[in-house]
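Worksheet for the structure shown next.
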DNA sequence: CTGTTAGCGCCTTCAA
DNA sequence: TTGAAGGCGCTAACAG
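Next up, the structure:
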């Protein structure tokens, strides 16, 4: 089925094609009758303006690029969906590309999106390299980072939105401390992740404020998976480190802890309290009911899109801005008050 | 940062801009030296061809549109990711749009994508209306449907890829029958869903072949959620219908059944065997371990993209084609051989 | 091998 | 209010 262009319509209507253009872009300088007549013809002929051509001259496409690690992941899927919904609300469409956490791929996708003349790009990532990459060069379009970065200058060297991971760490630790736990181990910290550093710092400061010593099981691996959580927890359980509660770096890690505990018949929350961080869809399943800290993905998405809209507006902010979203505790069933009689292993 | 165009490069290189174009598109008719020189200049200046302009003349964008219900859903997220990966392997990019199951939205997105000159559109959907919509009119680009449709003419009236839901239903039923169950109820059938009809038919035929009578709990609701599964199962459990095994229409529904069973202290698989259909990520969690039937999403995605590639090739198939993917049983821990002594409620 | 020229489909002055 | 003409950035003949 051949595409019908503005010229075809012009021929049918017996007017110049500039007139068609005017009729379609509700230009004021056209008589209501011709407009109506032309619009009617367009409808009849199924005419649709070629947005490529339109963008070529207007220099705006109305699409923003989104580079995201992996939409099949429960976290990023929700982020991706919400970004699209927000963007659409602002009359923007999004071109979503999965980077699979590969920095080189991110670079290529960025070039691709820019070649496609997207009006801006949002990059969701949890790797510091991305921050370095983005700040180290300048791009033809505004970039918004959705994620965290270790560098203290983040927020002054690029536009970014992130969860307040420090507070997330503090909330989790304080909750456990409030339940009477003292031997709280933070499990799954990845040393080279800014996100994890912030979470850990929050946890550590809350511990110290309560006169307790932070206690960590690091994850030497590159990513926080259920499998890593399982292995780390197993290791912890067969050691003799005191521990009545575990603060897992992510929900996936928490699932691994849960699996290890189940295998060793360690009762959660009877002998061990467990809290995660993310609030994945499946954390709320009846057999899981993981107490966790919600990342508030809709808010993160909205902030990222909102920031992009500002950058795309007529008077964009002169300096870089950094928006921070506050996390929220979700109480479910994997934490209980400390009970020395049943605790897995307590120093007291 | 101003965008650098082919003209800027031409000026710098001191050649006409047709030469630049040739150097970049590895045209044979250009001297190696000029090509090298020009490529070097492009690199230095950070030149990137404007793909909009390029597409305008070539009439191809190298992007295929994907309309998908909701990428935050575990099923569609995986489908979406795999479609993108496959497309990229064929040097295509995808523009993914969430329809949120809204038919009108699908129509708008389709128009939008066509206006953006995508080379083709894949529509993932589980609603028959979409099939009717697509077959009822003609479009400027090839369309591939990923899903099921009730209409027998599906596959002759449009290009489509779907799971062999009939076989899926049969596999599940035969597995349960093989375990000795006779009172097997199919729970969660949605009457107006082609997918469900096919699954149910497979189940029913397997039952009849074994001399058993099919037994259904219908879902009057529009979608198959955990909540619906929970409500339906509760209802079933308080009734006196014989039932030693449940074949849930989807994994989400199975999760609901599991929740209801847990609440009523019905042991799975001791007193009740349960099988799902989908194989969501979380179906494999240690506390769930749902036996289910895998949709083979990577294969579905690959088939859809492969079909699209054929349609986009130099000699596309003349008639419509319909590819069908075979499902696969995933044995986990929610099914056990029938045991009259412990079965929930058996007619025997 | 390289330059010139004519569009791709559309928007936007500038005249009429 | 409408038409004519130029140009967005690029490719593809056609000359030279």
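Residue numbers (the working numbering), protein chains in the order written: chain A, 97 to 444; chain B, 97 to 444. Think of the CB as a built atom: it goes at the ideal place given N, C-alpha and C, for glycine as much as any other residue.
Restricted to the stretch 208-287 of chain A, the beta strand (DSSP E) segments that are unbroken, complete and at least 3 residues in length are 216-220, 239-242, 255-259, 280-285, listed in chain order. Within chain B, the residues 167, 168, 173 have their CB atoms less than 7 Å from the CB of residue 173 of chain A, given in chain order. Residue 433 of chain A has its alpha-carbon roughly 20 Å from the corresponding atom of residue 383 of chain A.
Secondary structure at residue 333 of chain A: helix, using DSSP grouped into helix, strand and coil. Look at residue 347 of chain A here: in three-state DSSP terms it is helix. Shown here, residue 353 of chain A sits in a helix according to DSSP, grouped into three states. Using a Cβ-Cβ cut-off of 9 Å, residue 384 of chain A is close to 378, 381, 383, 384 of chain B, given in chain order.
For residue 176 of chain A, the residues of chain B that pass the 8 Å Cβ criterion are 167, 168, in the order they occur in the chain. Taking 8 Å as the cut-off, the Cβ atoms of residue 329 of chain A and residue 353 of chain A count as close. Within chain A, the residues whose beta carbon sits less than 9 Å from that of residue 355 of chain B are 381, 382, 383, listed in sequence order. Between residue 367 of chain B and residue 348 of chain B, the C-beta spacing is not below 8 Å.
Of all C-beta pairs linking the stretch 230-245 of chain B to the stretch 284-299 of chain B, three or more are shorter than 8 Å, placing the two stretches in contact. Taking 7 Å as the Cβ-Cβ cut-off, the stretch 143-166 of chain B approaches chain A at 144, 145, 146, 147, 148, 149, 151, 152, 166, given in chain order. Residue 262 of chain A and residue 282 of chain A have their alpha carbons spaced roughly 14 Å apart. Interface with chain B (8 Å Cβ-Cβ cutoff): residue 189 of chain A is included.
Only those residues of the stretch 204-218 of chain B whose C-beta falls short of 8 Å from the nearest C-beta of chain A are listed: 207, 208, 210, 211, 212, 213.
By the beta-carbon neighbour count (other beta carbons within 10 angstroms, threshold 16), residue 369 of chain A is buried. Boundaries of the alpha helix (DSSP H) harbouring residue 120 of chain A: 113-120, taken from the DSSP string.
Using a 10 angstroms sphere on the CB of residue 205 of chain B, the tally of other CB atoms reaches 16 or more, which defines it as buried. In this structure, the beta-carbon distance from residue 424 of chain B to residue 390 of chain B falls below 8 Å. Not flagged as an interface residue toward chain A: residue 404 of chain B, since no C-beta distance is shorter than 8 Å. Under the 10 Å beta carbon count, residue 355 of chain A is surrounded by 16 or more other beta carbons and is classified as buried. By the C-beta density criterion, residue 280 of chain B is buried, having at least 16 other C-beta atoms within 10 angstroms. In the DSSP annotation of this structure, the continuous segment of the beta strand (DSSP E) that includes residue 390 of chain A starts and ends at 388-390.
DSSP places residue 314 of chain A in the strand class (E or B) of the three-state scheme.
For the pair residue 430 of chain A and residue 362 of chain A, the CB atoms are not nearer than the 8 Å cut-off. As the crow flies, the alpha-carbon of residue 277 of chain B is around 42 Å from that of residue 342 of chain A.
With a cut-off of 8 Å on Cβ pairs, the stretch 183-201 of chain B is in contact with the stretch 177-194 of chain A, counting three or more such pairs. Chain-ordered listing is empty here: chain B has no CB closer than 7 Å to the CB of residue 390 of chain A, the nearest sitting near 15 Å. Excluding five sequence positions before and after residue 417 of chain B, the CB atoms of its chain that fall closer than 7 Å to its own CB belong to 255, 403, given in chain order. Interface with chain A (8 Å Cβ-Cβ cutoff): residue 375 of chain B is excluded.
The straight-line gap separating the alpha-carbon atoms of residue 148 of chain A and residue 393 of chain B is approximately 33 Å. Per DSSP, the unbroken beta strand (DSSP E) holding residue 424 of chain A starts and ends at 424-426.
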